[in-house]
Amino acid sequence: MTKAADLLDPAERLDPEGLRALQLERLRGSLRLAYERVPFYRESFDKAGVHPDDCRSLSDLARFPFTTKADLRANYPYGMFAVPRDRIRRLHASSGTTGRPTVVGYTEGDLSMWADMVARSIRAAGGRPGDTAHVAYGYGLFTGGLGAHYGAERLGCTVIPASGGMTSRQVTLIQDLKPSIIMVTPSYMLTLLDEFERQGSTRAPPRCGWGSSARSRGRSGCGRRSRSGSRSTRSTYTGCRR
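Mapped onto the numbering used here, the consecutive letters of the sequence shown carry residue numbers 349 to 590.
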């Protein structure tokens with residue numbers, strides 16, 4: 349089983365100066381990779397009169413052009429990929445509710461790095477090897493469910509792959525299996541809390557991390573302290589722990 353301490357990347361122990369130096373090194377590497385392998389970025393950088401070597405500090409990132417949703421749609425589906433298609437192991441995509449979906453390709457290395465990142469995030473929120481994690485993010489083209497799943501497994505947790513929907517059954521599973529971690533969007537966590545109340549449960553789960561408006565309701569519903577996540581509930585990584 350993975351020890352929680354083993355998931356501390358050396359970068360997590362860096363002082364601020366060392367961290368900024370590492371961020372700059374990796375940022376320059378990403379810019380260089382995009383410029384060399386993706387025609388869109390080469391054209392975009394050239395048009396803006398910048399080159400990856402011009403990024404000499406983190407503040408220099410402001411000199412580089414933004415990539416917009418329109419750019420992603422114009423290069424759908426594979427135009428933004430920086431590696432050959434035969435290196436892609438998985439495809440995820442946005443819902444495409446406002447136009448063409450945004451397609452993201454993951455190499456084997458990407459998937460491993462992603463699992464490590466999620467594992468460290470769970471650890472930072474208090475999760476430990478041996479915990480049981482109830483994953484209520486959607487599985488499928490949405491990237492959340494599988495990311496949470498493999499990250500929890502990488503940490504050494506037991507995973508309940510509940511996905512989204514079937515709320516009544518989810519509440520039953522939570523009460524019967526007693527997970528110590530719930531991984532879920534803030535809005536669906538509130539739906540689960542409403543179902544706990546509807547079923548007459550006197551003990552709803554857990555401590556949660558979410559945006560400010562949802563946090564207020566969550567604190568009242570959970571009866572526990574709130575773990576602060578991103579300020580925007582649309583991008584919050586929510587891990588709820590008893």
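For each residue, glycine too, the CB sits at the ideal point set by N, CA and C. If you're wondering where the values come from, they're calculated on a predicted model, not measured in any experiment.
Selection from the options that minimises the alpha carbon distance to residue i
i, options, result
"residue 419", "398, 391 and 406", "391"
"residue 425", "394, 543 and 442", "442"
"residue 526", "402, 540 and 479", "479"
"residue 408", "375, 538 and 357", "375"
"residue 474", "530, 358 and 489", "530"
"residue 453", "464, 415 and 438", "438"
"residue 415", "405, 467, 404 and 428", "428"
"residue 505", "468, 382, 384 and 520", "468"
"residue 528", "451, 507, 546 and 513", "507"
"residue 481", "522, 369 and 447", "522"
"residue 470", "451, 458 and 497", "497"
"residue 417", "451, 513 and 458", "451"
Residue range of the unbroken alpha helix (DSSP H) whose run includes residue i
i, result
"residue 498", "492–503"
"residue 389", "387–396"
"residue 466", "456–472"
"residue 520", "515–525"
"residue 537", "534–546"
"residue 422", "417–422"
Beta-carbon proximity of residue i to residue j, cut-off 8 Å
i, j, result
"residue 511", "residue 495", "no"
"residue 380", "residue 358", "no"
"residue 449", "residue 483", "no"
"residue 386", "residue 422", "no"
"residue 499", "residue 466", "yes"
"residue 502", "residue 463", "yes"
"residue 520", "residue 440", "no"
"residue 389", "residue 396", "no"
Host beta strand (DSSP E) of residue i (start-end)
i, result
"residue 439", "436–441"
"residue 506", "506–508"
"residue 480", "480–483"
"residue 531", "529–531"
Close-in-space but distant-in-sequence residues of the same chain around residue i (CB under 7 Å, 5 per side omitted)
i, result
"residue 402", "408 and 411"
"residue 515", "539, 540 and 543"
"residue 456", "437"
"residue 398", "411 and 412"
"residue 435", "455"
"residue 489", "440 and 441"
"residue 619", "No statement about residue 619 is possible, as the shown extent of the chain runs from 349 to 590 and does not include it."
"residue 433", "426"
Residues of its chain near residue i, where Cβ-Cβ distance is below 6 Å and the 5 sequence neighbours each way are ignored
i, result
"residue 460", "none"
"residue 445", "none"
"residue 393", "383"
Own chain partners of residue i with C-beta closer than 8 Å, once the 5 adjacent residues on each side are dropped
i, result
"residue 365", "none"
"residue 360", "468"
"residue 549", "519 and 523"
"residue 377", "none"
Inter-residue CB distance, residue i and residue j (contact presumed, cutoff 8 Å)
i, j, result
"residue 406", "residue 367", "Actually they do not touch by this definition, with Cβ atoms about 11 Å apart."
Cβ-heavy atom distance, residue i to the ligand GDP, below 7 Å
i, result
"residue 425", "Ligands displayed in this structure: none; no statement on the ligand GDP is therefore possible."
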